[in-house]
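Protein chains in written order, with this note's numbering: chain A, 429 to 683; chain B, 429 to 683.
Here a beta-carbon is modelled for each residue, glycine too, at the ideal position from N, C-alpha and C.
Number of protein chains: 2
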Amino acid sequence: MITAARIKQIRSLTQKKFRKELSLFVVEGEKAVSELLLHKNWEINHIYALESWLIENTIPGNIPSDRVSEKELSRISSLTTPNSVLALVNIPVWNINDINPSGDITLMLDNIQDPGNLGTIIRTADWFGIDNIICSENTVEVFNPKVIQASMGSFMRVKVFYTSLKKYLENLPEPLPVMGAMLDGEDLYKTGLPGRGFLITGNESQGISPELVKLINRKIRIPLFHKAGKTQQPESLNAGIATGIILSHLRNYVS
Amino acid sequence: MITAARIKQIRSLTQKKFRKELSLFVVEGEKAVSELLLHKNWEINHIYALESWLIENTIPGNIPSDRVSEKELSRISSLTTPNSVLALVNIPVWNINDINPSGDITLMLDNIQDPGNLGTIIRTADWFGIDNIICSENTVEVFNPKVIQASMGSFMRVKVFYTSLKKYLENLPEPLPVMGAMLDGEDLYKTGLPGRGFLITGNESQGISPELVKLINRKIRIPLFHKAGKTQQPESLNAGIATGIILSHLRNYVS
């Protein structure tokens with residue numbers, strides 16, 4: 429059973445404003461909620477689940493839970509096909525000063541707008557063992573339900589920070605390699621690349637903003653495959669695809 | 429000016445059933461329509477555009493066009509923010525028997541469901557000079573407006589066919605390498621791969637179907653980056669990301 433006021437509140441969490449106000453976000457799906465229950469770094473605020481889910485799962489006593497009907501679940505879910513469980517989770521407080529970028533690759537996202545792209549990039553970063561992603565302040569918020577969904581659980585393992593990328597890079601205690609995919613960069617397959625530093629991925633249509641381009645010291649390019657007879661060519665790769673190709677390369681071919 | 433009946437008809441093209449019935453699909457956006465006008469292989473049936481677009485562009489005399497208001501355009505558009513032009517395009521008739529897969533890489537998609545994924549895969553295939561994609565019959569249709577949009581114009585340069593992948597592979601006149609990304613495959617970075625044959629990408633959650641797995645003769649794996657201290661790992665990469673990484677590798681590192 430769930431009150432109308434509570435339904436309204438949960439539904440409001442699709443909006444950033446209310447997520448911020450309530451410091452909560454939504455995680456849906458059996459697999460993601462099961463994983464969340466195992467993570468000590470994430471605090472579940474409330475679980476709403478079908479009876480079938482509640483019978484098969486154990487919830488620690490300190491986490492409040494409610495049994496809901498399929499109809500109730502569909503009213504609080506933002507999925508087209510609701511799953512059997514929905515969790516409200518406390519938004520964690522992370523401090524960007526706690527991370528030390530000097531010994532590993534850190535991903536930087538400049539103005540990524542599409543929630544599906546951000547979720548897929550988090551999932552990809554997780555695959556390639558990237559611990560931290562630093563986003564520009566105008567990048568879509570990580571706790572957007574579409575981002576959480578597309579990350580396929582990887583949001584639990586990769587920390588996502590928001591700050592001014594320019595200021596962050598300008599105030600590093602020591603200079604580090606700053607890589608970025610640019611059409612005029614060095615061929616990814618013909619150059620050696622460092623195993624640490626930053627990789628910047630730019631906006632879906634505008635690419636990396638000019639103020640950040642200036643701070644890139646390793647421009648790299650994923651070569652376009654030129655085919656005889658083709659008169660027109662694509663202009664770019666999708667931001668997530670480009671990030672995946674470069675990360676895969678960085679993790680397997682570092683000089 | 430556009431009639432209510434015509435608006436209804438154009439809106440019906442978001443559904444596969446009506447696209448098939450009318451043999452038409454929708455292309456939106458200045459860039460995509462400009463490119464279409466240059467392509468001889470694509471037949472534009474009708475153009476609906478704002479006055480501003482019509483003033484700046486030349487349309488061949490044999491293509492009917494109508495000036496529409498912003499309000500009318502928003503009624504026929506399937507975009508949240510409609511552009512200045514929408515084209516109805518005849519669905520082309522392609523014959524899979526016209527392609528010869530023996531000398532190049534052909535992509536095969538097994539039950540890809542997400543239109544954004546298909547569009548991104550087409551765009552990626554275009555970047556890596558793949559001419560043909562063969563999809564299983566249950567893969568989302570290429571003329572779905574979300575696929576067209578996500579392909580960023582690449583649908584014009586990559587031919588997409590639908591057939592039974594199993595039958596197609598079983599009836600090849602000569603045996604060819606059949607590659608597929610599988611968790612138990614050879615490390616992509618530690619094995620040599622052929623420069624021709626098929627690369628199969630599987631469904632977003634189920635992967636490649638068992639009947640096709642049997643036909644794969646080169647199982648490959650994108651290595652997961654193992655990081656000390658991480659107790660949980662992601663299960664897989666997004667289908668588009670995996671395809672991009674393997675295609676990029678195939679085009680740059682073939683043995």
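Cβ contact check for the segment 567-587 of chain A and the segment 633-646 of chain A: 3 or more pairs under 8 Å: Too few Cβ pairs lie closer than 8 Å, so no.
B/Thr552: contacting residues in chain A (beta-carbon distance under 8 Å): Leu665, Asn666 and Ile669
Straight-line Cα distance separating A/Ser497 from A/Leu444: It is worth fixing the name first, because residue 444 of chain A is Lys in this sequence and not Leu. C-alpha separation (whole angstroms): 27 Å.
Three-state class that DSSP yields for A/Tyr590 in the structure shown: In this structure, A/Tyr590 counts as strand in the three-state DSSP scheme.
Proximal chain B residues relative to A/Gln660, where beta-carbon distance stays under 9 Å: Glu463, Leu466, His467, Gly581, Met584 and Arg585
Buried versus exposed call for A/Asn545 [16 or more other C-beta atoms within 10 Å across all chains shown]: buried
Residue from A/Thr534, A/Asn528, A/Leu611 and A/Gly547 with nearest C-alpha to A/Val641: A/Leu611
Minimum C-alpha distance to A/Lys574 - residue among A/Pro603, A/Pro543, A/Thr552 and A/Ile549: A/Pro543
Bridge partner(s) assigned by DSSP for A/Ala477: A/Arg495 and A/Val513
The segment 649-664 of chain B in contact with the segment 449-462 of chain B per 3-pair CB rule at 8 Å: no
Reduced DSSP category for A/Thr619 - H, G, I as helix; E, B as strand; rest coil: coil
Inside the segment 520-588 of chain A only - beta strand (DSSP E) runs reaching at least 3 residues: 533-537 and 560-563
Selection from B/Leu452, B/Arg434, B/Lys448 and B/Leu464 that minimises the alpha carbon distance to B/Gly581: The shortest C-alpha separation from B/Gly581 is found at B/Leu464.
Straight-line gap, A/Gly557 to B/Lys655 (C-alpha atoms, nearest Å): 6 Å
Which listed residue (B/Asn539, B/Gly620 and B/Arg551) has its alpha carbon closest to that of B/Lys594: The residue with the shortest Cα to Cα distance from B/Lys594 is B/Asn539.
Beta-bridge partners of A/Phe653, as assigned by DSSP: A/Phe653 is not bridged to any residue.
Selection from B/Tyr596, B/Val513, B/Leu678 and B/Trp470 that minimises the alpha carbon distance to B/Tyr617: B/Leu678
Partners in chain B for A/Leu652, counting only beta-carbon separations shorter than 9 Å: Trp555, Phe556 and Gly557
Exposed unless 16 or more other CB atoms sit within 10 angstroms - verdict on A/Leu535: buried
Neighbourhood of A/Ile487 by C-beta distance below 8 Å, restricted to the same chain and skipping five residues each side: Leu465, Ile475 and Ser493
A/Ile487 in three-state terms, based on DSSP: coil
Buried or exposed (CB count within 10 angstroms, at least 16 for buried), A/Thr552: The residue in question, A/Thr552, is buried, as its Cβ has 16 or more Cβ neighbours within 10 Å.
C-alpha gap between B/Pro622 and B/Pro605, whole angstroms: Taking the straight line joining both Cα atoms gives about 7 Å.
Interface residues of the segment 605-619 of chain B facing chain A [CB-CB below 7 Å]: Tyr617
Chain B contact residues for A/Ile527, given Cβ-Cβ distances below 7 Å: Within chain B, no residue comes near A/Ile527; the closest Cβ sits about 15 Å away, beyond 7 Å.
Nearest-angstrom Cβ-Cβ length linking B/Phe583 and B/Ile550, presumed shorter than 8 Å: 6 Å
Check whether B/Arg585 and A/Lys658 have beta carbons under 8 Å apart: yes
8 Å Cβ cutoff met for A/Asp526 and A/Asp559: For A/Asp526 and A/Asp559, no; Cβs fall outside 8 Å.
First through last residue of the alpha helix (DSSP H) which encompasses B/Lys671: Lys is not the amino acid found at residue 671 of chain B; the sequence shown has Thr there. First-last of the alpha helix (DSSP H) with B/Thr671: Ala667 to Asn680.
Those residues which DSSP pairs with A/Phe626 across a bridge: A/Thr534 and A/Val606
Limits of the alpha helix (DSSP H) - the one that A/Leu640 falls within: Pro638 to Val641
Chain B residues whose Cβ lies nearer than 8 Å to that of A/Arg679: Pro651 and Phe653
Presumed contact (8 Å Cβ cut-off) between B/Ile673 and A/Gly672, rounded CB distance: 6 Å
Range of the contiguous alpha helix (DSSP H) that encloses A/Leu464: Glu458 to Leu466
Inter-residue Cα distance where the pair is A/Ile576 and A/Leu501: 18 Å
Chain-ordered chain A contacts of B/Ser506 [CB-CB under 7 Å]: Here the premise fails: no neighbours, minimum Cβ distance about 17 Å.
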